[in-house]
Each structure stands twice: as structure tokens, then as C-alpha cells.
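Let me begin by presenting the structure, written as C-alpha cells, before commenting on it.
In C-alpha cells:
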């Protein structure tokens with residue numbers, strides 16, 4: 035931690051900072067600058083709010099953290115990329131680009147089986163579908179709940195595809211984990227720390243979505259919550275951040291891919307459906323994500339988008355998904371990945 | 035709902051839109067424009083994802099909602115401002131500006147009692163203090179939990195001040211409600227719908243904070259979640275939104291006060307401590323909030339900010355809080371409010 | 035400047051950083067941390083892109099600037115608040131809150147004279163009105179240009195009010211300066227450095243608006259452009275920043291007032307008309323701005339907003355402006371200011 | 035334009051809206067909804083601020099524009115993609131992906147010639163380099179001005195590469211146009227309408243960068259400014275928008291590519307150097323941009339980034355640029371484009 039003193043700070047202010055640094059168990063080191071002094075506090079600064087609070091001392095201009103606040107998610111602990119195993123045949127983070135596809139919500143047996151067969155045929159590796167739906171409006175469809183989980187399991191039996199589904203409440207997390215292959219934490223729960231701790235205690239891989247106003251560092255801190263409970267199988271998912279632009283539902287931040295690859299060993303997948311909110315933009319963003327080095331994609335596919343209970347506007351029809359997958363193979367090849 | 039057709043859309047595309055509108059139980063009405071047609075779908079559009087999904091039909095440019103998606107929070111249901119009663123002596127939403135003050139976290143008996151006595155002496159009406167803390171880092175102090183609730187109750191016994199404290203998990207919500215006078219939903223849980231539903235079922239007033247990337251409409255939708263479960267005692271709280279500006283921790287959106295006053299009967303309070311993240315900026319933002327018509331403030335006050343377990347940098351010392359309160363009275367007077 | 039090395043950076047990488055620091059004329063100072071080293075580069079860092087570019091060296095994690103990059107606008111050069119004199123009777127930055135009011139655009143002699151008389155009667159100190167209009171669309175009204183300046187001068191003759199008007203092009207800046215009392219730099223030109231240099235060479239006070247995506251530090255850098263050309267009479271104006279919220283045209287950042295007051299001696303005024311984009315929200319934001327310590331306001335007033343050539347939706351009618359001014363006096367009093 | 039009336043608006047309020055619509059020369063059409071009425075105003079709404087101002091009328095909830103406000107940039111005027119010719123050998127918008135590369139600033143003859151030779155060898159089609167530099171700080175290097183233009187021309191003579199350089203002032207625009215092949219409008223001047231009009235009158239292609247807080251619609255409106263002056267050779271450039279994320283200098287919005295391709299016939303290029311601000315992230319974003327369908331890239335390449343006068347941190351060394359170009363060919367192939 036670096037403490038920057040104000041220009042012309044009094045000696046007694048500096049002495050007080052030095053006293054506090056010592057009191058907190060850190061070693062201090064002063065640099066005398068041309069217009070002001072800068073004090074280094076040496077030691078592990080993770081979780082030390084008390085150090086940050088030094089900026090309320092008299093004569094202090096600001097306090098600059100030096101260390102990244104996450105550890106298990108960082109290269110300090112693990113140098114090589116993590117490969118998260120989902121099933122005997124599927125793992126995320128290796129040379130294969132993994133495709134998760136399916137409808138936003140599970141609506142009926144017919145709908146989910148039809149979707150599963152279609153995405154499998156086009157080459158998807160994992161089925162997606164929501165049984166518990168976090169909807170902005172209490173008057174919107176809230177999901178089929180356990181019935182939806184049973185239908186997803188049925189689709190898995192039929193196709194062999196493992197499935198990912200969202201968990202929205204610590205109280206129902208065990209039930210979801212009893213059915214699902216991958217537990218999804220949605221963007222709106224990305225800092226629901228009670229839920230993060232809970233899925234950290236379950237033995238299933240977690241797909242952690244970035245929140246709409248979440249920095250990349252905060253995304254890694256939320257991963258750290260899960261990992262610090264003992265679950266290292268975390269997959270990070272960029273799904274668009276909220277900006278001033280309204281031409282897309284969110285702004286898909288594809289630069290998060292190389293940024294995350296430089297900071298963490300965890301795999302990174304992209305959700306272009308929520309990221310753009312418009313099915314016309316999904317395919318180009320799939321190609322771009324894979325070109326940028328994503329380890330996987332999660333894509334909304336619905337057999338009848340105009341009648342979907344949720345997110346119809348951003349869902350691909352199976353035929354469009356199939357076209358996209360064909361072209362995607364070319365980009366995966368160009369990037370030296372398999373699909 | 036207004037469906038805007040593309041310039042030159044084919045007749046069969048328009049016919050399909052009309053057919054779907056009818057199928058969904060709405061009446062349609064076409065306006066023939068100079069370059070394109072516009073189709074109105076008449077009927078209650080709340081919760082109708084299917085209408086929005088019409089924008090994936092061929093020939094449709096976009097779909098424009100007309101109705102606000104919330105109802106219980108709107109003036110449609112209640113014209114006069116709601117006054118939320120907290121205790122025999124305290125109610126929010128009337129002529130009195132209500133001040134909630136206290137430390138970010140409950141740290142010890144001495145700390146919370148000292149804080150409670152200090153803020154009471156300066157004229158605060160409600161004590162604030164966190165027992166369950168949603169912290170970005172799993173390595174940061176997570177709160178004293180039930181022990182913290184007991185200390186808050188002790189401070190209430192000592193001072194007569196009711197208290198507000200955060201609830202972070204549906205599983206512990208009943209326990210918090212057994213102690214607290216007001217349940218706070220924090221910014222990071224503002225779209226944790228499982229938690230919103232839960233506090234909607236408890237008989238205690240709820241202080242609902244706006245999320246960092248939450249529009250005002252979404253804030254009202256989250257209030258609607260609580261109200262649709264039967265709890266009408268909701269207090270809205272603006273606490274800063276996330277923007278590109280880094281000089282403050284968040285950007286406090288004071289225009290939310292007149293905007294909300296034009297859309298809802300619910301009371302509106304402001305949190306300048308989280309809104310700015312810097313104790314130097316708290317007092318001016320308190321004055322501004324009251325001048326703009328806020329019904330209350332929630333302010334962090336700590337007897338020893340430099341040693342606080344959390345949020346020291348944005349906490350006022352009791353003496354600064356006292357100065358602020360004295361000046362605040364003048365602004366409350368100017369606005370025709372009592373303090 | 036602080037250079038943070040990567041954990042485990044090689045000695046030769048550190049040596050290279052030290053060599054470069056010396057080459058650039060700075061003194062270096064190393065702090066050996068527990069997991070990484072931090073190197074201070076001592077000396078004036080303003081304008082030194084070369085120092086910042088050290089972060090492309092091998093082994094460097096990042097480079098943290100310590101000094102503020104502005105000087106003339108800072109307290110380093112001038113400790114007491116600047117008072118910018120506009121005319122014999124009007125100065126901004128002293129105890130008086132200065133009100134600038136008038137229409138967005140000058141549209142006709144009748145309109146500007148009527149506006150000037152009305153705002154003067156309600157107590158405004160300066161007339162505002164646009165003769166050159168920077169409009170988003172080339173098909174929108176672009177202003178009366180020199181004819182508009184003449185009409186503003188006529189209104190000044192009639193009422194005694196000095197006027198502020200926008201300058202949008204270095205080529206016409208001299209012409210505008212020949213008429214106007216205050217030159218306005220609009221938000222869209224806030225980093226038009228050619229224009230900033232030009233108005234820095236003219237002998238008229240400058241009202242500098244913050245750009246829509248401009249940090250407070252960048253606003254001060256743009257002021258520095260004007261001041262470094264010799265013109266110290268700069269008035270800073272917050273007029274709303276662009277965020278994800280669409281309920282208001284922009285998000286008015288009132289915390290910019292205390293932030294700026296802590297960083298610069300220059301006066302600060304607020305534009306709640308552009309800041310909110312809606313006449314319903316203007317009065318509460320005027321009260322809030324003055325309560326937060328603003329030195330002045332700039333408010334759009336139009337005798338017939340529904341027929342205005344621009345910005346009708348955010349303009350106050352004279353009767354509403356008059357009501358606002360009456361109530362504003364109470365808030366100015368509460369803050370110990372005159373109006 | 036659609037005018038949404040408030041629920042329960044009085045008949046006389048509706049009559050007044052109808053009267054105004056007629057007065058403005060539009061035809062009105064009323065839809066009676068279940069809770070409120072909606073009125074369509076039929077006619078060309080471009081440039082009609084008076085229509086928008088109807089939202090200040092009593093009883094009006096809001097006014098919703100239907101038409102896009104741009105025309106020349108839209109498919110209404112031209113259905114097929116525009117190909118902007120730069121030289122005998124280079125055109126942007128066709129099947130070839132066009133690469134512009136070179137240093138941020140022209141610093142010396144040696145530096146620009148070395149850069150030009152290097153980027154040409156790796157396959158770039160156009161040289162980039164700044165002679166007039168819009169810098170945030172007045173104390174930073176401002177460019178070599180006309181001397182820089184001469185050096186760029188010398189580099190063109192040597193390599194045969196046409197060059198793009200920034201124009202920052204209407205007063206010096208003719209001079210820049212006398213040397214340059216493509217005129218760049220930088221992000222900070224993207225709504226400097228005086229400058230847009232000026233380059234619209236010059237006979238050279240214009241590379242128009244998106245501003246940091248500019249919506250895609252506003253980018254098209256700025257293109258419309260240039261085109262409405264008679265210059266149809268406009269190339270749009272996405273270079274990152276400003277968001278809350280600080281891990282990158284800006285957030286590169288690659289979804290702008292498919293969004294723009296759906297709205298305009300103008301070619302679209304991407305600037306990953308400014309878009310990320312970090313040379314480590316440039317190559318992945320180049321691949322992603324081409325995969326998403328970009329017509330070209332503009333990339334900063336500097337022979338000695340650690341000594342660059344500007345933007346060293348985001349510049350590629352020639353050897354890294356060469357590696358990137360080799361891999362980029364694979365992605366261009368995958369997308370059915372040549373390089």
C-alpha cells in the first residue's frame with residue numbers, strides 16, 4: 035500500500051501515519067519527493083480495510099493499493115490454465131471451445147427436448163435452460179422450478195448433454211445441485227455473497243456471470259468467494275456491462291478475455307445473447323469471442339422465439355444456430371482451437 | 035405497446051404482426067406513416083414478454099413499451115405520498131426529514147453504544163449499523179451477525195432509537211426481522227429477487243437501496259417485488275450509481291429525488307456516505323439532498339474512523355456529524371421541512 | 035510516479051527500469067515489498083508521457099502517477115478562491131450566488147428582449163442565449179450567428195445584464211468576443227484544444243462546461259489549457275455526465291461541487307437544465323446546487339417553451355423561473371450566501 | 035413521432051396536442067388505449083425540435099421519435115455498402131480488410147520512415163501518424179505540425195503507402211488536406227461541428243472516430259454533418275467508449291460492427307490500440323474485430339514504444355505487429371475476406 039501525503043503535510047501528520055502503519059503490523063518506508071512525500075506500507079494488504087482507512091488521517095492525499103486483492107484466482111497460486119471438467123466428455127479451459135446452448139427458460143417438455151436435440155445436432159456440448167428465473171418484474175414468468183430441473187434431466191438422458199442452470203437462492207441451491215451439471219450464478223446475483231458461499235460448498239462446477247456494473251477485479255473477487263469455500267471449479271462469464279449505449283441491451287466487453295487471461299488461470303466464456311440482446315448480433319459476436327481467445331460460449335437458442343416466455347428477441351432459431359456453428363468452426367481453426 | 039415496422043415492410047409481415055397481436059389477446063391499431071407503418075397493441079402490457087418478442091418478427095424495426103411496468107409503486111394505485119411508520123415517534127415520508135446515522139459495521143458493544151449516544155445527541159432519529167456485511171472480499175470482516183443484532187437492540191434500549199440493519203440472505207431474514215425496526219436491502223442485493231420476496235413476506239419496513247447499475251425504473255420494479263408480496267412499507271434509497279468518474283466512489287444521482295417524486299408515492303432517502311465514498315463530501319451532499327426534497331438521509335458516523343473495520347474513509351466523526359446536523363436544520367427550514 | 039514491478043520480476047528488469055528513470059532525469063528510490071518491489075521516480079512528472087510509457091517495459095505491472103497533472107488551476111499556485119469579474123456589478127466566486135438565465139437559442143428580437151426583461155425582473159445577473167448552436171443534427175436550427183450576437187447586445191443595452199454566449203469555432207471566436215461578456219465552451223467542445231487555446235488568448239472570462247464523458251481531472255486539464263495561454267478568468271460548469279440512466283437526459287453530478295472545491299480555486303457553476311433535460315426537475319436541482327455550495331447557476335428560460343427552436347423540454351417559463359428564484363433565496367440564505 | 039398522453043389526461047390537453055401537431059404541418063392519428071391515449075404525428079420528423087418540445091405540454095407523458103434522424107448515412111438513400119477509395123490500390127469497404135498502422139505521433143524523420151517501412155513489410159495498406167496532436171495536457175507534446183505532414187509525405191514517397199492523419203482545427207484543415215490521403219477526426223472532436231462541416235467541404239476521405247460518450251446514432255449524425263456538406267467518403271471508426279471499467283483505457287465496443295452494418299452503408303474500422311490502451315490486448319482485439327466483420331483496423335506501431343512521445347503503452351513493436359498480421363490472415367480467411 036502506498037500512502038501519498040499532501041504537498042506541505044506537517045511532520046506530525048507523517049509521524050501519525052508512520053505510527054499507524056506500525057500499529058497495524060506493517061513496515062513503513064518513506065520516499066521524499068520534490069513536492070510531497072510518499073510512504074510505502076510493506077506487508078500483505080489483502081482484507082485490510084484499516085490500511086485503506088488511513089486516507090481519513092490529516093495530511094493524507096490518498097492511499098493506493100498495490101497488491102491484487104484476490105489470491106486463489108490469481109497466478110500466484112496456480113500458473114497453468116485451469117481446466118474445469120463438466121462430464122466424461124466435456125471440459126472447459128482446454129483446447130476445445132465449449133458451446134452451451136438452449137432456451138432462456140424451460141417452458142415445457144416438448145420445448146426443452148426439441149431444443150436439446152437441435153443444439154446437440156449442431157454440435158453444442160452443454161445444454162442451457164432456466165428453471166428458476168430472476169426476472170426484473172414480479173409479474174413475469176418466474177420459471178417451472180423443480181419441474182424444470184426434471185425436464186432438463188430428461189433432456190440430458192435423451193441427448194447425453196450435461197446441463198447448466200441458474201441457482202438464485204441459497205435455500206434451493208442443494209436441490210438444483212442434485213440435478214444440474216453446472217450451477218450458474220446470474221449477473222444480478224454476482225455479488226450475492228450468501229449465494230456465492232453456498233455454491234462454494236457444493237461439489238459442482240460454477241459458471242459465474244459478471245454483473246452489469248462489475249469491474250473485472252470484482253468478478254475475480256466473487257470467484258474468490260466461491261474458491262475460498264473450497265470449490266475451485268469456477269468458469270468466468272462475460273455477458274455485457276451496462277453503459278450509456280442503447281443500441282444494444284448491454285455492451286459486450288470482449289477485451290475482458292485478454293484482460294482475464296492475463297490475471298487468472300480460470301477459464302473464460304462469453305454470452306453474446308445477453309451481451310447484445312438482439313439475435314441479429316449474436317453470430318458476429320460468437321466469431322469475435324472465439325477469435326479473441328474465449329474458452330467457450332453460452333448462446334440462447336429457442337425453437338420458436340416469437341412465443342418464448344423470456345428473451346425471445348435475443349434467441350437464435352435452431353437453423354440460425356446451425357449456420358453460426360458451421361462458420362464458427364472456421365474461426366476456431368484459425369485460432370488453433372477445436373470445436 | 036407500439037410496434038414500429040421497417041420502411042418498406044411487406045404486407046405479409048404486417049399481417050403476421052397483426053395476427054400475433056390478436057393471438058396474444060390485444061387489439062391492434064395501425065397508423066400509416068409517410069415512410070413506415072406503426073402498429074399499436076392495446077391492452078395491459080405488464081409482464082408480457084411475448085409482446086416484446088414481436089421484435090424478432092420479420093419486418094419489425096422495434097417495439098416500444100408505453101406503460102410503466104410497475105403498478106403498486108405507482109400513482110395509479112395511490113395518489114398521495116406514503117408515510118412509512120417506523121416507531122411511535124418516527125415516520126418517513128411526512129413533513130419531517132428523518133436522519134439515520136451510525137457506523138457501517140457493529141464492531142463492539144462500546145463502539146455501537148458510543149455511536150448511538152452520539153448520533154442521538156445530535157438529533158438523529160434512527161440508528162444504523164451492519165451486523166451481516168456483504169463485503170467485496172471474502173477476506174474482509176463479515177460482521178458480528180446475531181451478536182451484532184443483540185448489540186443494536188441494546189443500543190435501542192439505551193437510546194430509544196429504532197434501528198435499521200441489512201439483511202443479506204433469505205435464510206437469516208427472519209432472525210434479523212426479530213430484532214430490527216427496518217430491514218435494509220443493500221445495493222448488491224437490489225435485484226436478488228429471492229431476498230426481495232422474502233422481505234415482502236415479513237412485517238417490517240424495508241429500506242431498499244438502488245443498485246450500482248440500476249435504472250430508476252428497475253428500482254421501482256424491485257420495490258414492486260416487495261409490495262406484490264404484501265408489504266407496502268418500502269423506503270427507496272439512492273446511494274450513488276457507477277459511472278466513469280473516479281474522483282468519487284460512486285456518482286450520487288440527486289436528480290433521482292424529483293424523478294422518483296414524479297413516479298411513485300414511496301418515500302425517498304439519500305445515502306451520501308456510499309454515494310461519495312469520502313467524508314469530506316458528505317455534508318454538502320446532505321444539504322443538497324434535503325434541498326432537493328429528500329425525505330431522509332442515511333449517514334455513516336463512527337467514533338474512530340481510522341480504526342473502522344469497514345468504510346472508515348467515508349465515515350463522519352461525531353463532532354463533524356453534529357456540525358452537519360446544525361447546518362442541515364437551516365436547509366430543512368428553507369425547504370419547509372422539520373428535522 | 036510509482037512503478038509497481040510484477041511479483042517475481044527479474045533483477046535485470048528492475049535494472050532496466052532504474053536505468054530509464056535516470057535517463058529521463060529522475061531520481062529513483064526502491065521499496066522492497068514482501069511479494070514485489072515498488073520503485074519511486076522522484077521529480078516533476080507533469081507532461082512526461084515517457085514516464086508513463088515505462089509500463090510497456092518487461093516486468094512492470096503498472097505505473098501510478100502521484101502528482102496532479104494540472105498546476106495553474108490547483109492550490110499549488112493560488113490558495114484563495116478566485117473571483118472572476120464579469121462587469122462592474124457582477125463577479126462569480128464571491129459570496130453572491132450568480133444566476134445566468136435566458137433561452138437556449140436567440141430566435142428573434144422579440145424573444146430575446148422579452149426573455150432578458152423577464153429574467154432580470156426575477157433577479158438574474160447575467161443573460162444567456164446561443165447565437166452559434168452546436169446541434170447534433172445538421173438539419174436542426176444552427177443559430178442566428180452574428181445577428182444573434184447583435185440582438186444579445188441590444189438586450190444588454192435594454193436591461194444592463196451582461197451576457198454569456200457560446201463560441202464554437204476558433205475562426206469566429208474574435209467576433210463573438212467583440213460582443214460577449216463571457217465566452218462559453220460547450221460540453222461537446224470541452225476537449226477541442228484548438229478552441230481552448232484560442233479563448234485563452236482572448237481577454238474575456240470563459241465559462242467552461244464539463245464534457246459528457248469527462249472526468250473532473252480532465253475538466254481541470256481543459257481549464258489548464260485556457261490558463262496556460264494567459265487567461266486566468268475561467269468558470270467551471272458541471273452540466274451532467276452521460277450514464278446508463280435514461281430517466282434524465284444526463285446525470286447531474288452535484289458531488290463535483292465539493293470535489294472541485296477541494297482541488298481548485300476556480301469558481302463552480304451548475305447547469306440543471308442540460309443536467310436533467312426536463313423542466314420539472316430544474317428547480318429542485320437549483321436548490322440542491324446552491325445548498326452544496328455552487329457559486330452560480332445557468333438556467334434555460336424561454337417565454338414560450340413549446341415553440342422553442344431548441345431545448346424546449348428543459349426550459350422554464352418565466353413564471354416558473356420567478357417562483358424558483360423566490361425559493362432559491364431561502365436556500366442561499368441557509369448557506370450563508372446572497373443572491 | 036408518437037406522443038404518449040398521461041393516464042387520465044383531460045380532453046382539452048389532448049385537443050391542445052392535436053392543435054399543435056396540425057400547426058406544425060403534421061397529420062395526427064389517435065389510438066385510444068385501455069389506460070391512456072397515444073397520438074401519432076405523421077410526417078418527416080427530422081430536425082423538428084418543435085415536435086419534441088410537445089413533451090412540455092400539459093397532460094403529455096413523453097414523446098417517442100420513430101424515424102432515425104440521419105438520412106444520407108442510412109439505407110434509405112443507398113442500399114449497397116459504400117466502398118471508399120483511398121488510392122489506386124486501396125479502398126475500404128470491399129472484400130479486403132484494410133490495415134492502417136504507424137506511430138501515434140510523428141516524432142522524427144528516422145522514426146516515421148522506419149515505422150513506414152516496417153508496417154509496409156508486414157502488409158499494412160495505409161500509414162498512420164499524428165502531426166497535430168490533441169493532448170489532454172497543455173504540457174504534453176503537441177505534434178510537429180506542418181513539419182510532421184512533410185515527413186509523412188516523405189514516408190509515402192518512400193513506401194507508396196497513402197497516409198491518414200488527424201485534423202484538429204478548421205483553420206489548418208486545408209493545409210492538412212494538401213498533404214494527407216485520409217483526414218482523421220479524433221474522438222474528442224467527434225461533435226466539433228465546425229470541424230465536421232469543414233472536412234465535409236474538402237475533397238478527401240474522412241476517418242471519423244466515435245466519441246468516448248457517443249451513441250451509435252450520434253456517430254451517424256456526425257457522419258451526416260460531413261455528408262450533408264457534399265463529402266460522401268466517410269469511414270466510421272469505433273475506438274472504445276468510456277465506462278466504469280478501469281482495467282482497459284476504454285471499453286472497445288465490437289458489437290458496434292454488426293449494429294452499424296444494420297444501419298448504414300458506410301464502412302466500419304476498429305482501433306484496438308485506443309480501445310484497450312494496452313499493447314498486450316491489441317492482437318486479440320484485432321482478430322476479434324475482423325471476425326466480427328470489420329472493414330479495417332487502425333493500429334499503433336512504434337519502433338521504440340518505451341521512448342514514444344505519446345501512447346507508448348498501447349503501441350506494438352514492429353515484430354509484434356508482424357506476428358499479429360500473420361495470424362490475422364487466418365481470421366480474415368475464415369471470414370471470407372482478403373488482407
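Residue numbers (the working numbering), protein chains in the order written: chain A, 35 to 373; chain B, 35 to 373; chain C, 35 to 373; chain D, 35 to 373.
By construction, the Cβ of each residue, glycine as well, lies at the ideal position given by its N, Cα and C atoms.
Buried versus exposed call for residue 208 of chain B [16 or more other C-beta atoms within 10 Å across all chains shown]: Locating residue 208 of chain B in the second chain gives position 174, where the first residue counts as 1. Result: exposed.
Under 9 Å from the C-beta of residue 287 of chain C: neighbouring residues of chain D: Position 253 of the third chain, counted from the start, is the residue given in the question as residue 287 of chain C. Those within 9 Å of residue 287 of chain C in chain D number zero; the least Cβ separation is about 13 Å.
Members of the stretch 193 to 217 of chain C that neighbour chain D once the beta carbon cut-off is set at 9 Å: Cβ contacts with chain D come from 202, 203, 204, 205 and 206.
Status (buried if at least 16 other CB within 10 Å, exposed otherwise) for residue 46 of chain D: Your numbering for residue 46 of chain D matches position 12 in the fourth chain. The residue in question, residue 46 of chain D, is exposed, as its Cβ has fewer than 16 Cβ neighbours within 10 Å.
Cross-chain neighbours of residue 65 of chain D in chain B, by beta carbon under 8 Å: Position 31 of the fourth chain, counting from 1, holds the residue named residue 65 of chain D. Within chain B, the residues near residue 65 of chain D are 63, 65, 74 and 76.
Within-9 Å CB hit, residue 160 of chain C to chain D: To locate residue 160 of chain C, count along the third chain from 1; it is residue 126. No, its Cβ sits nowhere closer than 9 Å to a Cβ of chain D.
Nearest residue (CA-CA) to residue 348 of chain A, options B:99, B:89 and B:356: The residue given as residue 348 of chain A occupies position 314 in the first chain. For the residues B:99, B:89 and B:356, the minimum Cα distance to residue 348 of chain A belongs to B:89.
Separation of residue 179 of chain C from residue 142 of chain C, as counted between CA atoms: Counting from 1 along the third chain, the entry for residue 142 of chain C is found at position 108. Counting from 1 along the third chain, the entry for residue 179 of chain C is found at position 145. About 12 Å.
Cβ neighbours of residue 94 of chain C in the same chain (closer than 8 Å, five flanking residues each side left out): Translated into positions along the third chain, residue 94 of chain C becomes position 60. Only 37, 38, 39, 40, 43, 47, 51 and 88 meet the Cβ criterion.
Paired residues, beta bridge with residue 240 of chain A - DSSP: Here residue 240 of chain A corresponds to residue number 206 of the first chain, with the count starting at 1. Its beta-bridge partners are A:217 and A:268.
Chain-ordered neighbours of residue 276 of chain B on chain D, where CB pairs are closer than 7 Å: Locating residue 276 of chain B in the second chain gives position 242, where the first residue counts as 1. Per Cβ cutoff of 7 Å: 278.
Min CB distance residue 68 of chain A to chain C below 9 Å: The residue you call residue 68 of chain A lines up with position 34 of the first chain. Taking Cβ atoms only, chain C reaches closer than 9 Å to residue 68 of chain A, which makes this a yes.
Completely contained alpha helix (DSSP H) runs for the stretch 307 to 358 of chain B, where each covers 4 or more residues: 313 to 325
CB of residue 238 of chain D within 9 Å of CB of residue 216 of chain D, strictly: The residue given as residue 238 of chain D occupies position 204 in the fourth chain. The residue given as residue 216 of chain D occupies position 182 in the fourth chain. Yes, these two residues count as a Cβ contact at 9 Å.
Residue 107 of chain C in three-state terms, based on DSSP: If you number the third chain from 1, residue 107 of chain C lands on position 73. DSSP places residue 107 of chain C in coil when its eight states are reduced to three.
Residues that residue 252 of chain B contacts on chain A, provided the C-beta gap is smaller than 7 Å: Within the second chain, the letter at position 218 stands for residue 252 of chain B. Residues of chain A passing the Cβ test: 170.
Selected residue, minimal CA-CA separation from residue 406 of chain C, among C:258, C:205 and C:156: Residue 406 of chain C lies beyond the range of chain C shown here (35 to 373); nothing can be said about it.
Contacts around residue 148 of chain D, its chain only, beta-carbon distance under 6 Å, and the 5 residues preceding and following it disregarded: What you label residue 148 of chain D is simply residue 114 of the fourth chain in a count that begins at 1. Closer than 6 Å at Cβ, skipping near neighbours: 337.
C-beta neighbour in chain D for residue 36 of chain B, strict 9 Å: As a first step, residue 36 of chain B must be located in the second chain, where it is residue number 2. Yes, contact with chain D.
The stretch 114 to 128 of chain C / the stretch 254 to 269 of chain C touching (three or more Cβ pairs under 8 Å): Counting Cβ pairs under 8 Å, three or more are found: they touch.
Any C-beta of chain C under 9 Å from that of residue 318 of chain B: The sequence position of residue 318 of chain B within the second chain is 284, counting from 1. Yes, residue 318 of chain B counts as interfacial toward chain C.
is_contact[residue 335 of chain C, chain B] using C-beta, thresh 9 Å: Position 301 of the third chain, counted from the first residue, corresponds to residue 335 of chain C. With its beta carbon at least 9 Å from every one in chain B, residue 335 of chain C lies outside the interface.
Bridge partners - residue 200 of chain B, DSSP secondary structure assignment: Within the second chain, numbered from 1, the residue matching residue 200 of chain B stands at position 166. DSSP output for residue 200 of chain B lists B:218 as bridge partner(s).
At least 3 beta-carbon pairs within less than 8 Å: the stretch 338 to 357 of chain C vs the stretch 300 to 318 of chain C: By the C-beta criterion, the stretch 338 to 357 of chain C is judged to be in contact with the stretch 300 to 318 of chain C, since at least 3 inter-stretch pairs fall below 8 Å.
Buried or exposed (CB count within 10 angstroms, at least 16 for buried), residue 25 of chain B: In this structure chain B extends from 35 to 373, so residue 25 of chain B is not present and cannot be described.
Of the listed residues B:335, B:286, B:206 and B:297, nearest to residue 323 of chain B (C-alpha basis): Residue 323 of chain B sits at position 289 when you count from the first residue of the second chain. Comparing Cα positions, the closest option is B:286.
Three-pair Cβ contact test at 8 Å for the stretch 303 to 310 of chain A versus the stretch 301 to 308 of chain D: no
Any C-beta of chain A under 9 Å from that of residue 265 of chain B: Translated into positions along the second chain, residue 265 of chain B becomes position 231. Taking Cβ atoms only, chain A never reaches closer than 9 Å to residue 265 of chain B, which makes this a no.
Contacts that residue 110 of chain D makes with chain C (C-beta to C-beta distance below 7 Å): For the purposes of this step, residue 110 of chain D is taken as residue 76 along the fourth chain, with counting starting at 1. Residues of chain C passing the Cβ test: none, with the nearest at roughly 14 Å.
Residue span of the alpha helix (DSSP H) that contains residue 258 of chain C, given as start and end: Counting from one through the third chain, the residue named residue 258 of chain C turns up at place 224. Residues 250 to 262.
Outcome for residue 193 of chain A when other beta-carbon atoms lying within 10 angstroms are tallied against a minimum of 16: Here residue 193 of chain A refers to the residue found at position 159 when the first chain is read from its first residue. Result: buried.
Alpha-carbon spacing of residue 251 of chain B relative to residue 312 of chain A, whole angstroms: Taking the first residue of the second chain as 1, we reach residue 251 of chain B at position 217. Taking the first residue of the first chain as 1, we reach residue 312 of chain A at position 278. Using only the alpha carbons, I get a separation of about 21 Å.
Bounding residues of the beta strand (DSSP E) (the contiguous stretch that carries residue 75 of chain B): On the second chain, position 41 is the one that residue 75 of chain B refers to. Its beta strand (DSSP E) spans residues 71 to 76.
Chain-ordered chain A contacts of residue 100 of chain C [CB-CB under 8 Å]: Here residue 100 of chain C corresponds to residue number 66 of the third chain, with the count starting at 1. 38, 67, 70 and 72, listed in chain order.
Under the three-state DSSP convention, the category residue 372 of chain C falls into: Within the third chain, numbered from 1, the residue matching residue 372 of chain C stands at position 338. In the three-state reduction of the DSSP assignment, residue 372 of chain C falls in the strand class, which pools E and B.
Buried or exposed by the 16-neighbour rule on C-beta atoms within 10 Å, applied to residue 199 of chain D: The sequence position of residue 199 of chain D within the fourth chain is 165, counting from 1. By the 10 Å Cβ count, residue 199 of chain D comes out buried.
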